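Numbering (UniProt numbering), first residue to last: 1 to 157.
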């Protein structure tokens, strides 16, 4: 009977018990199948075995359908949770206040982030820029004015 080959170990055990066979706990799948196929019920009353096999396969299909429905419901719940999170993010994004010229926390953090990026992207002076004599011809008078100019303009944007 081809239906027996499709059954799992637990299902074979159920079929064997339904047709009145004694099943030991430690029996392997091949032993259970052989026990059923060698039984008098299998040889003489093939319809009873066929009915038991069909019941086992039907139970498996029902369980599979139930598992699929449970998984679908779980995915629906997960989707609803994600939609709720998205709605909360959108609601928080719309609550930014522009009243009284105050910046909200996200704007302040954005400003601080921009400032830190600007700070990190400023290139350090190269060797010729570090030595003031290289900036000007070497005249001490020009050097003094150049140094004053550099210190006054270095803090402006």
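By construction, the Cβ of each residue, glycine as well, lies at the ideal position given by its N, Cα and C atoms.
Quick caveat, the model's predicted, so the values are computed rather than measured.
Around the beta carbon of residue 10, fewer than 16 other beta carbons lie within 10 angstroms, which makes this residue exposed.
For residue 44, the enclosing alpha helix (DSSP H) covers residues 40-44.
In the structure shown, residue 22 falls within a coil segment according to DSSP collapsed to helix, strand and coil. For residue 32, the enclosing alpha helix (DSSP H) starts and ends at 29-37.
For the pair residue 53 and residue 4, the CB atoms are nearer than the 8 Å cut-off. Closest option to residue 57, judged by alpha-carbon separation, among 13, 111 and 113: 13. Comparing C-alpha distances from residue 55 to each of 16, 90 and 112 shows the shortest one belongs to 16. With a threshold of 16 other beta carbon atoms within 10 Å, residue 33 meets it and is buried. Residues 52 of the same chain have their beta carbon placed closer than 6 Å to that of residue 18, with the five preceding and five following residues left out of the count. With contacts defined by Cβ atoms closer than 8 Å, residue 49 and residue 36 form a contacting pair.
Taking each of 20, 24 and 28 in turn and checking the Cα distance to residue 39, the smallest one comes out for 20.
Our two residues, residue 85 and residue 78, have alpha carbons roughly 11 Å apart in a direct line. Assignment of residue 63 by DSSP, reduced to helix, strand and coil, places it in the helix class. When DSSP states are grouped into helix, strand and coil, residue 81 belongs to the helix group. Counting only the Cα atoms, residue 8 lies some 12 Å from residue 31.
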